[in-house]
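The block underneath contains the structure these notes are about, expressed in structure tokens.
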Amino acid sequence: MILHYGSFATTKHALADLAKKIGDNELILINNTSDDISPLSRMIPGTKLINNPRNLGFAKGVNQGIRLALKDKSLTHFFLMNNDLVLSSGSFAQLLLTFNKFPSAGIVSPVLYHGDLYDWGGKYNPWTGMVRHKNWGNKPKTTQSVAHVAGAAMLISRAVIERIGLFDERFFLYFEDLDFCLRTTHAGFTVHINPDVIAEHAVSAGSHIIARTKYQWASHFRFVTKHLFHLAYPTAYLYDLFIYPLWLLRGLLARTVLNG
């Protein structure tokens, strides 16, 4: 399933590529805008379109797609994919092989490729409520077990949804994927990265950086109160006060450089 928000052309590009690789799988397209995207829904035969009157946030939009998919009792896995991704060939078969290889797997993700950097999940820090990326920039050679993968691309088993439920809709944007991964591992499942599957991710450095940081702050505060023990609150909140502003400054500087 793909959550559409932002550029019509970006989603169109993703769907044009996906049409060559989707095979017998079904696509659910969730429209998180008030725009008419019916032409996009016709690019892949059999696409189910969910229209929303406005942006409901990542978690709420994705949950609409999952609820619809759950009605088909034959479906065993659900793939979430950003509208700015391009997948390598054979992605779905390779991801499913990981589930066969690791019976405890609940979530399997491709490696995200950001132009010149590889992103393959990270290690969770219970003192800050943040994730430290593992070997950022280098592509792993073997399948890895990680604490967190990005919601930009993840294959989720039906068993996980039936055990822990849907994404927490109190997170409008950011940290809903970390929350979901933690709940998955707490339920006894494992989370994996498959290096044989690459998802090229178009990320615009510095774009809407202030709005993004606002959501990051709000979601991190919510995540901290939900998951961290009380002794970690000061560390987590100090992180918000001092580290996030540095990220904001870095993003603004990057935007200035890009705009010349």
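In this note's numbering, the protein residues as written are 641 to 900. Quick reminder that beta carbons are idealized off the backbone N, C-alpha and C, glycines included.
- Across the set Ser681, Ile677, Thr830 and Leu643, the C-alpha of Thr830 shows the shortest separation from the C-alpha of valine 748.
- Across the set Phe812, Ser797, Ile833 and Val837, the C-alpha of Ser797 shows the shortest separation from the C-alpha of threonine 824.
- Secondary structure note for arginine 772: its beta strand (DSSP E) is the uninterrupted segment 770-773.
- The alpha helix (DSSP H) runs of length 4 or more contained entirely in the region 680-725 are, from start to end of the chain, 698-710.
- Beta-carbon to beta-carbon, glutamine 734 and aspartate 836 are separated by about 5 Å, close enough to satisfy the 8 Å threshold.
- Cα atoms of tyrosine 855 and asparagine 665: separation of roughly 33 Å, rounded to the nearest angstrom.
- The three-state reading of DSSP puts tyrosine 753 in strand, counting E and B together.
- Separation of threonine 650 and threonine 783 (C-alpha to C-alpha, rounded to the nearest whole angstrom) is 30 Å.
- According to the DSSP assignment, aspartate 817 belongs to the alpha helix (DSSP H) that extends over 816-826.
- When Cβ pairs closer than 8 Å are counted between the two stretches, the region 796-815 is seen to touch the region 698-715, the count reaching three or more.
- Under the three-state reduction of DSSP output, isoleucine 677 falls in the coil class, being neither helix nor strand.
- Tryptophan 760 places its beta carbon less than 8 Å from that of isoleucine 833.
- DSSP lists Met770 as the beta-bridge partner residues of asparagine 765.
- In the three-state scheme derived from DSSP, where H, G and I count as helix and E and B as strand, threonine 783 is classed as coil.
- Cβ-Cβ separation between leucine 689 and leucine 708: approximately 10 Å, too far for a contact (criterion under 8 Å).
- For serine 797, the uninterrupted beta strand (DSSP E) run begins and ends at 793-797, by DSSP.
- For the 8 Å CB-CB criterion, histidine 841 and alanine 792 form a contact.
- Per DSSP, the beta-bridge partners of isoleucine 747 are Ile796 and Val831.
- With respect to arginine 803, alanine 839 sits apart: the two C-beta atoms are not nearer than 8 Å.
- DSSP places isoleucine 662 in the coil class of the three-state scheme, outside both helix and strand.
- Residue nearest to asparagine 703 within the set Lys763, Glu816, His870 and Leu752 is Glu816 (criterion: CA-CA distance).
- Counting along the chain, leucine 735 sits inside no beta strand (DSSP E); it lies in the alpha helix (DSSP H) bounded by residues 731-741.
- Around the beta carbon of isoleucine 883, a 10 Å sphere encloses fewer than 16 other beta carbons of the protein chains shown; the residue is thus reported as exposed.
- Across the set Met770, Val726, Asn722 and Asn740, the C-alpha of Met770 shows the shortest separation from the C-alpha of threonine 875.
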